Amino acid sequence: DGWPAIWKGYEQANLPARVEAMPAVFSRERLDIGTRELLPLVKPAVKALNSEARVLDLACGNGVLGLTALACRDDIALTFSDVSSQAIASVQHNLEHCGYMERAQLHHSDGVPKESGQYQLILLNPPFHEGGVVGDHIALRLFKEAAEHLAADGRVLMVGNRHLGYHRTLKRYFRSVQQRVASPRFVVFETSL
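Rendered as structure tokens:
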């Protein structure tokens, strides 16, 4: 507290406050390109949910995906989960500034929070590197956990770098894998059981 450079962020359309983050949180100062590809699909997916639906922003970073979902409807339950304590502190900061704190749960967790039940919608922009190692090992674990916690009528919206070939690995865990958006660098998928 009091360190002037602790919070950096950006304005995001349809949110009542800036999206800000602490140091070492992914996409701290600007919306990343992959999330930009995924965001237009969040609103229609949230609008299609039943009242009281449960939504998970998995590996949430600064929480921009979940915050966008909360901005769409006030009758959904949203859970944010991330392994980074700075990310969870950033989401809490953003929830408070947007006025959404009472509609969300925060979990400092490496993956889907244990015993969290089923979700009707899971939003995911998985990390593809850990330290200096680039690969899909984290994403594969998150895909497996998402499938285990997805409601029978639920779906996952996720974005990934095209070169990682997630269309193949997602088929290990989900019956339906549909490409929704593609750009030269990123692909957005919608999956279901």
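Residues in the sequence shown are numbered consecutively from 1, following my numbering. C-beta: ideal position from N, C-alpha, C; glycine also. Bear in mind that the values here come from a model prediction, so they are computed numbers and not experimental data.
task = With a floor of 4 residues, list each alpha helix (DSSP H) that falls wholly inside the stretch 71-124, ordered by position along the chain.
result = The qualifying runs are 85-98.
Under the three-state DSSP convention, the category phenylalanine 174 falls into = Under the three-state reduction of DSSP output, phenylalanine 174 falls in the coil class, being neither helix nor strand.
task = Take every Cβ of the stretch 97-110, pair it with every Cβ of the stretch 29-40, and state whether three or more of those distances are shorter than 8 Å.
result = With fewer than three CB-CB distances shorter than 8 Å, the stretch 97-110 does not count as touching the stretch 29-40.
task = Determine the extent of the beta strand (DSSP E) in which glycine 160 is found, giving its start and end residues.
result = Glycine 160 -> beta strand (DSSP E) spans 150-161.
Beta-carbon contacts of valine 42 that lie in its chain and below 8 Å, excluding the five residues immediately before and after = Contacts found: Leu65, Thr68, Ala69, Cys72, Leu123, Leu157.
task = Give the range of the beta strand (DSSP E) segment to which arginine 54 is assigned.
result = From DSSP, the beta strand (DSSP E) with arginine 54 extends over 54-58.
query = Got a sec, what are the start and stop residues for the beta strand (DSSP E) glycine 9 sits in?
reply = Element bounds for glycine 9: 8-10.
task = Taking only the alpha-carbon atoms, compute the straight-line gap between tyrosine 166 and histidine 107 and give it to the nearest angstrom.
result = For tyrosine 166 and histidine 107, the distance between alpha carbons rounds to 26 Å.
ask   = When you compare only the Cα positions, how much space is there between glutamine 12 and arginine 18?
value = Taking the straight line from one Cα to the other gives about 6 Å.
query = So which of Pro127, Leu170, Leu78, Leu150 has the shortest CA-CA distance to glutamine 120?
reply = By alpha-carbon distance to glutamine 120, the top candidate from Pro127, Leu170, Leu78, Leu150 is Leu150.
query = For serine 51, does the count of other Cβ atoms within 10 angstroms reach 16, so buried, or fall short, so exposed?
reply = Flag for serine 51 reads exposed.
key: Element boundaries [beta strand (DSSP E), containing glycine 21]   = Before going further, note that residue 21 is alanine rather than glycine in the sequence given. From DSSP, the beta strand (DSSP E) with alanine 21 extends over 19-21.
message = Check for me: the beta strand (DSSP E) holding valine 188 runs from which residue to which?
response = Taken as a continuous stretch (DSSP letters only), the beta strand (DSSP E) holding valine 188 covers 186-192.
query = Where valine 91 and arginine 30 are concerned, what is the direct C-alpha to C-alpha distance, given to the nearest angstrom?
reply = Rounded to the nearest angstrom, the two C-alpha atoms are 15 Å apart.
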